[in-house]
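**Q** Have a look at this one before I ask anything.
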Amino acid sequence: MEIYAVIMAGGVGSRFWPRSREKKPKQLIKIFDDNTMIQNTVKRLNGLVSSKNIYVITNKIQKPTVIEQLPQIPEENIIAEPFGKNTAACIGLASILIKQKNPNAVTITLPSDHLIKDEEAFKNCLKNACEFANESKGLVTIGIKPTRPETGYGYIQFDENEVSNNIYKVLTFAEKPNLNTAIRFLQAGDFLWNSGIFIWRVDVILNSINKFLPDLDQGLIQLETKIGTQEFESELVNVYGQLKSISIDYGVMEKADNVYLSKAEFYWNDVGSWEAVYEIADKNEEGNAINGDVYTEQSFHSYIYSQKKFVATIGVEDLIIIDTDDALLVCRKDKAQEVRQVVEYLKMNKRTDLL
């Protein structure tokens, strides 16, 4: 069994403005330590996947930074999509490239910008899932035990009878629920959060795309004939221009009957907003998480980041303050999801200098 990894790294991270920009989005910045999110994602795979077997799917704007940050990965394994078409196209593209190397390879597909702790448990979980996917020809995802009625994640319902070691049959996928439904899922006990991490054999996922997403399948067949030729890039633009934007969850996982999950025994957080960063970060006695040259007086439960300037706060609480060279964000913690509206405003007003 040869294991490959596909790291999906084309996101724009608009909820992390002003630190996250088009050229250097969330996955390419340092948030928790001296490594960027994508560097930590690759590091986490050490000992499980050889660096020559890691593929990164990104976009043209971000590709140079990805190459710079991940020198251990062969440059030809860092692929720029001409435009974002959601996860089904991204996974299909990576799969036909890996198929050229090993048509029976097992692939781990994962986002580039999640926080995972207890890396040994993470690797053990993936290794077990890889072995099952290889033998069973199943589509495997990683489920996370919910700790709260979260409305920002999708959920997976599973049959509580174990199929194999820590492997369970998936019954249904549920879209992001409202609060009442999320509470019901939590109480039921047989729903897990959808982590967006997938494990399967490359031939199995391509067969599934053939079955459930025939348009994407046709595009991939066209592309396959051009791999390794000078026409590959132009054909990629041509094929992507005709594709619908569809997620692998909706396009394949919700329709297939050979879907399983492995329960995560590790800490996972998709770090979806500055509020999530605050919750994870170390805090002082006043409940403030501070990064930079900052003075606080009678200020509580805030996340304050400053790149260069001295920042002082007096008599404030529950704020997110992000100061960069050219922009300042101040918002209430509970409004952190709405930071993306600033990015929409900047796009509408053609403020490309701030995007």
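Heads up: the sequence shown begins at -13 in the numbering used here, then just goes up one per residue. For glycine and all other residues, C-beta sits at the position ideal for the given N, C-alpha and C. Note that the coordinates shown come from a computational prediction; the quantities given were computed from them, not determined experimentally.
Given a threshold of 16 other Cβ atoms within 10 Å of its Cβ, counted over all protein chains shown, does S285 qualify as buried or as exposed?
**A** To locate residue 285, count along the sequence shown from 1; it is residue 299. Buried is the call here.
**Q** The beta strand (DSSP E) that contains S248, what's its start and end?
**A** Here residue 248 corresponds to residue number 262 of the sequence shown, with the count starting at 1. V245 to K249 is the extent of the beta strand (DSSP E) around S248.
**Q** On the DSSP letters alone, give me the boundaries of the beta strand (DSSP E) that Q143 sits inside.
**A** Counting from 1 along the sequence shown, the entry for residue 143 is found at position 157. Element bounds for Q143: Y141 to S150.
**Q** Give the straight-line distance between the Cα atoms of K9 and F18, rounded to the nearest whole angstrom.
**A** Here residue 9 corresponds to residue number 23 of the sequence shown, with the count starting at 1. Here residue 18 corresponds to residue number 32 of the sequence shown, with the count starting at 1. Each residue's Cα considered, the two are about 20 Å apart.
**Q** Can the beta-carbon of I232 be found less than 9 Å from the beta-carbon of L202?
**A** If you number the sequence shown from 1, residue 232 lands on position 246. If you number the sequence shown from 1, residue 202 lands on position 216. Yes, these two residues count as a Cβ contact at 9 Å.
**Q** Just to confirm, is the Cβ distance from L305 to K319 under 9 Å?
**A** The count along the sequence shown starts at 1 and reaches residue 305 at position 319. The count along the sequence shown starts at 1 and reaches residue 319 at position 333. In contact: L305 and K319 (Cβ atoms closer than 9 Å).
**Q** Do three or more CB pairs link the segment 27 to 46 to the segment 106 to 116 at distances below 8 Å?
**A** Flag = yes, the segment 27 to 46 and the segment 106 to 116 touch.
**Q** Whole angstroms are fine: how far does the CA of G301 sit from the CA of K49?
**A** As a working mapping, residue 49 is identified with position 63 in the sequence shown. As a working mapping, residue 301 is identified with position 315 in the sequence shown. Taking the straight line joining both Cα atoms gives about 43 Å.
**Q** Where do the N-terminal and C-terminal ends of the alpha helix (DSSP H) with P97 fall, by residue?
**A** Indexing the sequence shown from 1 puts residue 97 at position 111. Looking at the DSSP string, P97 is not in any alpha helix (DSSP H); the run it does join, the beta strand (DSSP E), is V92 to P97.
**Q** Count the C-beta pairs between the segment 197 to 212 and the segment 147 to 162 that are closer than 8 Å, then say yes if the count reaches three, no if not.
**A** The segment 197 to 212 vs the segment 147 to 162: no contact.
**Q** When we look at the beta-carbon of Y281 and count the other beta-carbons within 10 Å, is it buried (16 or more) or exposed?
**A** In the sequence shown, residue 281 corresponds to position 295, counting from 1. It is exposed - the Cβ of Y281 has fewer than 16 other Cβ atoms within 10 Å.
**Q** Starting from S81, trace the alpha helix (DSSP H) both ways and give me its first and last residue.
**A** The residue given as residue 81 occupies position 95 in the sequence shown. Here the alpha helix (DSSP H) through S81 covers N72 to K87.
**Q** Any C-beta of chain B sitting closer than 9 Å to the C-beta of H100?
**A** Given the protein chain composition of this structure (a single chain), no chain B is represented.
**Q** What's the C-alpha gap between F252 and K29?
**A** Stepping through the sequence shown from its first residue, residue 252 is reached at position 266. Stepping through the sequence shown from its first residue, residue 29 is reached at position 43. Using only the alpha carbons, I get a separation of about 16 Å.
**Q** State the start and end residues of the unbroken beta strand (DSSP E) segment that holds S292.
**A** In the sequence shown, residue 292 corresponds to position 306, counting from 1. From DSSP, the beta strand (DSSP E) with S292 extends over Y289 to S292.
**Q** Within a Cβ cutoff of 7 Å, which residues of the same chain sit near A107, ignoring the five residues on either side of it in sequence?
**A** Residue mapping note: residue 107 aligns to position 121 of the sequence shown, counting from 1. E251 and F252, listed in sequence order.
**Q** Looking at the secondary structure, which residues open and close the beta strand (DSSP E) in which W179 lies?
**A** For the purposes of this step, residue 179 is taken as residue 193 along the sequence shown, with counting starting at 1. Unbroken beta strand (DSSP E) run through W179: F177 to R187.
**Q** If you drop the 5 nearest sequence neighbours on each side, which residues of the same chain put their C-beta closer than 7 Å to that of S150?
**A** Position 164 of the sequence shown, counted from the start, is the residue given in the question as residue 150. Result list for S150: F118, in chain order.
**Q** Measure the beta-carbon distance from T22 to Q55 and round it to whole angstroms, keeping in mind my assumption that it falls under 8 Å.
**A** One-based indexing of the sequence shown puts residue 22 at position 36. One-based indexing of the sequence shown puts residue 55 at position 69. The Cβ separation is near 6 Å, so the contact holds.
**Q** For F296, which three-state DSSP category applies?
**A** Translated into positions along the sequence shown, residue 296 becomes position 310. F296 falls in the coil class under three-state DSSP.
**Q** What is the DSSP secondary structure of E261, counted as helix, strand or coil?
**A** By 1-based counting over the sequence shown, the position of residue 261 is 275. In this structure, E261 counts as helix in the three-state DSSP scheme.
**Q** Return the bridge partner residues of R318 from the DSSP annotation.
**A** Counting from one through the sequence shown, the residue named residue 318 turns up at place 332. Answer is L305, bridged to R318.
**Q** Decide if N166 is buried, meaning its Cβ has at least 16 other Cβ atoms within 10 Å, or exposed.
**A** Within the sequence shown, residue 166 is the residue found at index 180, counting from 1. By the neighbour-count rule (16 or more Cβ atoms within 10 Å), N166 is not buried but exposed.
**Q** Work out the CA separation of L247 and F144 for me, nearest whole Å.
**A** Mapped onto the sequence shown, residue 144 falls at position 158. Mapped onto the sequence shown, residue 247 falls at position 261. Distance between the alpha carbons of F144 and L247: 8 Å.
**Q** According to DSSP, is T403 part of a helix, a strand, or is it coil?
**A** A question about residue 403 goes unanswered here, because the residues of the chain that appear run from -13 up to 341.
**Q** Considering Cα atoms alone, identify which of R337, D309 and E261 is closest to P4.
**A** By 1-based counting over the sequence shown, the position of residue 4 is 18. Measuring from the Cα of P4, the nearest candidate turns out to be D309.
**Q** Using the C-alpha atoms, what's the distance from V238 back to L199?
**A** Here residue 199 refers to the residue found at position 213 when the sequence shown is read from its first residue. Here residue 238 refers to the residue found at position 252 when the sequence shown is read from its first residue. Between L199 and V238, the C-alpha separation is close to 7 Å.
**Q** Does DSSP put K197 in a helix, a strand or coil?
**A** The count along the sequence shown starts at 1 and reaches residue 197 at position 211. Here K197 sits in helix by DSSP.
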